[in-house]
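Undergrad: Residue numbers (full-length UniProt numbering): 1 to 621.
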Amino acid sequence: MAARLRDPATLLPSLVGASSPHSRLREIHAHLLVSGRLASPSHHADFVASLASSSHLSYARLLLPRRPATLLVHNGLLRALARGPCPGLAFAAFRELPLAPDHYSFTFLVRAATSLAAAASSATPVPTDVAVSLLAGSVHAAAFRHGHAADLHVQSGAVSMYAAVGDVGAVRAAFAEIMSPDVVCVTAMLGALSAGGDVDTARELFDRMPQQDHVAWNAMLTGYVRVGRAREALGLFDEMQKAGVSVGEATLVSVLTACAQMGALERGMWVHSYVCSRGMRVSVTLGTALLDMYSKCGVVTMAMEVFESMTERNIYTWTSALSGLAMNGMGEECLELFKRMESTGMEPNGVTFVAVLRGCSVAGLVEEGRACFDSMKDKHKAEPWLEHYGCMVDLYGRAGCLDDAVNFINSMPVEPHEGVWGALLNASRIHNNADLGKHAMYKLTKIESKNDAAHVLLSNIYAESHNWKGVSKVRNMMKSKGVKKVPGCSAIEVDGKVHEFFVGSKSHPRYKDIETMLAGMSHKLRLQGYTANTKEVLFDIEEEEKEGAISLHSEKLALAFGLITLPEGTVIRIVKNLRVCKDCHDYTKMISKVFDREIVMRDRNRFHHFKHGACSCRDYW
DNA sequence: CTAGGGTTAG
């Protein structure tokens, strides 16, 4: 097939390298002219665009004034710039346009604004950038002025653009303007709604579509994934397959993300074998999603196997691998991998540093973490985010250097946020420092008065030092302030089906068996000398008045269910939405010994790998 | 020559 070169960047990729000097470009240019490959305006346009997208702007500019100055050439340039690494350049090129722009021109500008907005919102934790929002508005206004705002492509682009800047009202207005929206428009709207957190409305729109194509299905899928409704995402994927919709890479990436969220290892592995059996090429994105799924399911060896097998790795790949190691308590390995990353010349970003600092933290590598934090500013000229300060406080605090943690906070050039105080609060809990804990709590509640996790932490601090008055004070505080506790929930996958257990719940169809198993477990543990930490549990505010509920924390229910259903010798994997409490942690350690089972538990922050009565977190979490 | 779906942290 004589494929037409549609993407300018693919034209002459071997000839125009990013580092070619001008003289070399002139050579190539002359060669192309002589061989007649620039004869037609479209080829000329492709060449210009190709130069622009490989950052040879100045040379591309030289070619622009060539006659005929067609819109084709200029639009091609706009397109390349909009899709390139510096979308803002498209606006510079637009200002120098020697001709009146057409509707094509505007689709590229809209696209450029969308990319800028996406980059702005991912670069910093700040929700929206005013400048980008203004830019979006002016692009749209310009489209109106030139009479091209009614073009379907511009319109659907506008919907995505406003979604990218987070302007819900503008999204609705832009969509309402479209007289007869097609699949693409509706899909854009669908994506916009789910990006704003309103997946249910998105789903209504999806169901009402006359016919959905695979992109619409994928948009819906990621909508669920984005808001953390992984179960529904997987359900939708089943429907998608039943409907015979083609399953491509984007679909599998979303499915893997859903598996990672739920800790659904079996389904994740199913995707892996699906990919292999069909001989699909494992792209960077797919490979990264696979590796991430494995580490979030606690199977670091497989994650690293995928990582090593990849031929191309980008910043996401490295960061995901690093955070996988950190999450699984493999701090030394994390730091080693980071050194390897630096040696390849891959530039770490803010997220990478969060991962590495967490790695240092779980392994107690205080000096290394400090060096890493300093190198961030000095070597990588990156300004630390509040998250990084939080990581540092966690690093010092977890290692027991509480003074250093406090000094670090005092020397911060920016106002500490709740994460920083939360890290200090947790450190106070680990090291039984009630005074410091109270101080951290005081600061924290001034910022975020209804933080439920913080209240639970403070209560645990008091309980640890048998200060029951303190415990009940916290409880009253929660009542009067109306702090709502998120109910504990643990999930376990059996035969590809994920079972969820809520704290104290008896609604599982096999609850009778679970109850019997729990009794058996307690009996066996008692024989081994384990006694439930009743005093603490009695005041465990998660459970409030129910003293009989000691064994009913959700992870215990899931654990019992796992022991019943999973064959001996297989690893029991549990995913919990909150932090594991001390009692459950001790309990699980003992179970791993008494039942001789390996248990992998993912809690809100990290993994616990229980084996032979010990945990990989070395009791620090 | 045009528009929509994908990966990393908290």
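Ideal placement from N, C-alpha and C gives every residue a C-beta, glycine not left out.
In whole angstroms, what separates the C-alpha of Ser411 from that of Arg313?
TA: In a straight line, the C-alpha of Ser411 is about 37 Å away from that of Arg313.
Undergrad: Looking at the structure shown, is Glu598 part of a helix, part of a strand, or coil, going by DSSP?
TA: coil
Undergrad: For the beta strand (DSSP E) that Ile492 lies in, which residues bound it at each end?
TA: DSSP places Ile492 inside the beta strand (DSSP E), whose first and last residues are Cys489 to Val494.
Undergrad: What number of angstroms, rounded off, separates the C-alpha of Leu527 from the C-alpha of Pro487?
TA: Straight-line Cα distance between these residues: approximately 31 Å.
Undergrad: Would you decide whether Val354 is buried or exposed? Buried here means 16 or more other CB atoms lie within 10 Å of its CB.
TA: buried
Undergrad: Which of the three DSSP states, helix, strand or coil, is assigned to Gly613?
TA: Residue state, collapsed to three classes: coil.
Undergrad: Skipping 5 residues on each side, what residues in its chain have a beta carbon closer than 6 Å to that of Phe610?
TA: Thr588, Lys589, Ser592 and Ile599
Undergrad: Whole alpha helix (DSSP H) runs in the UniProt repeat "PPR" (213-247) with 4 or more residues, listed along the chain?
TA: Within the UniProt repeat "PPR" (213-247), the complete alpha helix (DSSP H) runs of at least 4 residues are 214-226 and 230-242.
Undergrad: Just to confirm, are Arg597 and Ile572 a CB contact at a threshold of 8 Å?
TA: yes
Undergrad: Give the straight-line distance between the Cα atoms of His612 and Phe595, rounded to the nearest whole angstrom.
TA: 9 Å
Undergrad: Pull up the distance between the alpha-carbon of Phe91 and that of Glu342, whole angstroms please.
TA: 34 Å
Undergrad: Please classify Arg602 as buried or exposed, where buried requires at least 16 neighbouring CB atoms within 10 angstroms.
TA: buried
Undergrad: Mark Glu239 as exposed unless 16 or more other C-beta atoms lie within 10 angstroms of its C-beta, in which case mark it buried.
TA: exposed
Undergrad: Could you tell me the distance, in whole angstroms, from the CA atom of Tyr104 to the CA atom of His22?
TA: 30 Å
Undergrad: For a quick check, are the C-beta atoms of Thr288 and Ser320 less than 8 Å apart?
TA: yes
Undergrad: What first and last residue would you give for the alpha helix (DSSP H) that runs through Arg475?
TA: Trp468 to Lys481
Undergrad: To which residues does DSSP link Ile574 through a beta bridge?
TA: Ile492 and Met601
Undergrad: Would you call the region 409-426 in contact with the region 373-386, where contact means no fewer than 3 C-beta pairs closer than 8 Å?
TA: yes
Undergrad: For Tyr274, does the count of other Cβ atoms within 10 angstroms reach 16, so buried, or fall short, so exposed?
TA: exposed
Undergrad: Between Leu116, Tyr294 and Thr570, which lies nearest to Val139 when the distance is taken from Cα to Cα?
TA: When each option's Cα is compared against that of Val139, the closest is Leu116.
Undergrad: CB-CB under 6 Å to Gly223, same chain, minus the five flanking residues each way: which ones, in chain order?
TA: Closer than 6 Å at the Cβ level, and outside the excluded window around Gly223, lie Ser194, Val199 and Ala202.
Undergrad: Please report the straight-line C-alpha distance between Trp621 and Glu448, rounded to a whole angstrom.
TA: Taking the straight line joining both Cα atoms gives about 23 Å.
Undergrad: Measure the Cβ-Cβ separation of residue 653 and Glu266 and say whether it is below 8 Å.
TA: Here the chain comprises residues numbered 1 to 621, so residue 653 is not present and cannot be evaluated.
Undergrad: When DSSP labels each residue in this structure, what does His417 get in the three-state scheme?
TA: coil
Undergrad: Beta strand (DSSP E) containing Val498: first to last residue?
TA: Lys497 to Phe502
Undergrad: On the three-pair Cβ rule with 8 Å, is the region 245-260 touching the region 202-222?
TA: yes
Undergrad: Taking DSSP as the reference, what is the three-state secondary structure of His380?
TA: The three-state reading of DSSP puts His380 in coil, since its state is none of H, G, I, E or B.
Undergrad: Going by beta carbon distance, what residues of the same chain come within less than 6 Å of Ser551, once the five residues before and after it are set aside?
TA: Because the pLDDT at Ser551 is just 43, under 50, the model does not fix this residue reliably, and the value given afterwards should be weighed accordingly. Hits under 6 Å: Leu518.
Undergrad: Just list the alpha helix (DSSP H) runs in the region 94-157, keeping only unbroken ones of 4 residues or longer that don't cross its boundaries, in chain order.
TA: Counting only runs that start and end inside the region 94-157, the alpha helix (DSSP H) elements of at least 4 residues fall at 103-123 and 130-145.
Undergrad: Straight-line CA distance for Lys473 to Thr531?
TA: Cα-Cα distance, rounded: 27 Å.
Undergrad: When burial is assigned at 16 or more other CB atoms within 10 Å of the CB, is Ala405 buried or exposed?
TA: buried
Undergrad: Looking only at C-alpha atoms, which of Ile514, Leu33, Thr251 and His523 sits nearest to His553?
TA: Ile514
Undergrad: Measure how close the beta-carbons of His146 and Ala113 come, nearest whole angstrom, since I'm counting them as under 8 Å.
TA: About 16 Å separates the two Cβ atoms, so there is no contact after all.
Undergrad: Taking Val130 as the reference, give the member of Asp167, Val184 and Ala192 with the closest Cα.
TA: Asp167
Undergrad: How is Lys535 classed by DSSP in three states: helix, strand or coil?
TA: At Lys535 the pLDDT is 49, less than 50, meaning the model places this residue with poor confidence; the figure from the coordinates comes in the next sentence. Of the three classes helix, strand and coil, the one that applies to Lys535 here is helix, per DSSP.
Undergrad: Excluding the 5 residues preceding and the 5 following Ala399 in the sequence, name in chain order all residues of the same chain whose CB lies nearer than 7 Å to its CB.
TA: Gly364 and Val366
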